[in-house]
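Notes follow the structure.
Printed below as a string of structure tokens:
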């Protein structure tokens, strides 16, 4: 009878220790997988926003470049306008550089995360950079 | 004694099983959600690109719709279940903005634990892209809107 009791206790301890070790590991792995997917989705968002903004800026370059001096500040203003019309500007940080032939927009976003600190997977912020050039053939105001 | 040991293992399995199912359920639920989110981001971005790369105001919307449907198919998502709209917004002095939106209701009912608990979400993504009147001739013939 005593032997049976000991065996049951051992099983109980074994089960408890298994759950104590196994549950956090499982939750950790699950959170890592979800955080990884969240990072990918956020990167796609940053890429899309940078794409829209850079093309908006480049379209302005082609317009302003039609026989006039190229106004790179105007191109970046329009890139920012496109960015802020597509997304909440306060939740992202973006940089824009423009020259006579291209506009480069870089968008940085913070992906939603389940894990923080030492367990965090991947970058804390994702950055996407797109360079766009004016479309050929429509380079002048007509 | 053997039957007691078997009973103990059974109880252990019964306790661990819901945890395992919950972990799998959470991964599947959020995994599917984020996969859809990434796919819709790509789809809307492609739509925005195609909506603004047409000289004709009539063609821009139609080609954006077609490109978005193809992109969704590329992600193995049925375009028939997606709600796609391309409409014009007047926020610009020199043309208009095409607002490209795509939303999809993700059926999560079959996902264990989290499906019935959190329900089936509708994921929506939208981009606004400028259509310059000097780069498109929509001013002459108008810029048509569409949905699908």
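Chains as they are written, first to last, in our numbering: chain E, 140 to 281; chain S, 39 to 186.
Cβ atoms here follow ideal geometry from the backbone N, Cα and C, with glycine treated the same way.
Source: prediction; values computed, not measured.
Asked, Found
"Cutoff 8 Å: residue 168/S Cβ touching any chain E Cβ", "yes"
"Amino acids of chain E, ordered along the chain, whose beta-carbon sits closer than 9 Å to that of residue 126/S", "What residue 126/S touches in chain E: nothing, since even the nearest Cβ is about 12 Å away."
"Interface residues of chain S facing residue 172/E [CB-CB closer than 7 Å]", "65 and 69"
"Every unbroken beta strand (DSSP E) within the segment 49-84 of chain S, with a cutoff of 3 residues, ordered by chain", "none"
"Alpha-carbon spacing of residue 280/E relative to residue 210/E, whole angstroms", "Bear in mind that the predicted position of residue 280/E carries a pLDDT of just 42, short of 50, making it unreliable; the figure below should be weighed with that in mind. The alpha-carbon atoms of residue 280/E and residue 210/E are separated by roughly 15 Å."
"Residue 105/S, DSSP secondary structure in three states", "helix"
"First through last residue of the beta strand (DSSP E) which encompasses residue 168/S", "160-170"
"Within 8 Å, strictly: CB atoms of residue 158/S and residue 141/S", "no"
"Backbone secondary structure at residue 262/E - three-state DSSP", "coil"
"Short CB-CB distance (under 8 Å) between residue 143/E and chain S", "Confidence in residue 143/E is poor, its pLDDT being 47 and thus under 50, which makes the residue's placement too unreliable to answer from."
"Closer than 8 Å at the beta carbon, the chain S residues around residue 269/E", "Here the premise fails: no neighbours, minimum Cβ distance about 10 Å."
"8 Å Cβ cutoff, residue 255/E in contact with chain S", "no"
"Whole-angstrom distance between residue 96/S and residue 260/E, CA atom to CA atom", "46 Å"
"Assigned exposure category for residue 135/S - 16 Cβ within 10 Å defines buried", "buried"
"Cα-Cα separation between residue 72/S and residue 176/E, rounded to whole angstroms", "6 Å"
"Reference residue 270/E, options 179/E, 169/E and 214/E, closest by Cα", "214/E"
"Anticipated Cβ contact below 8 Å, residue 124/S with residue 85/S, distance rounded", "7 Å"
"Contact the segment 41-60 of chain S vs the segment 151-165 of chain E: 3+ CB pairs below 8 Å", "yes"
"DSSP state of residue 44/S mapped onto helix, strand, coil", "helix"
"Beta-carbon proximity check, residue 242/E vs residue 267/E, cutoff 8 Å", "no"
"Min CB distance residue 55/S to chain E below 8 Å", "no"
"Closest residue to residue 252/E among 53/S, 68/S, 63/S and 44/S (Cα-Cα distance)", "68/S"
"Burial state of residue 249/E (16 or more Cβ within 10 Å)", "exposed"
"Contacts that residue 72/S makes with chain E (C-beta to C-beta distance below 8 Å)", "173, 176, 177, 179 and 180"
"Straight-line gap, residue 233/E to residue 106/S (C-alpha atoms, nearest Å)", "26 Å"
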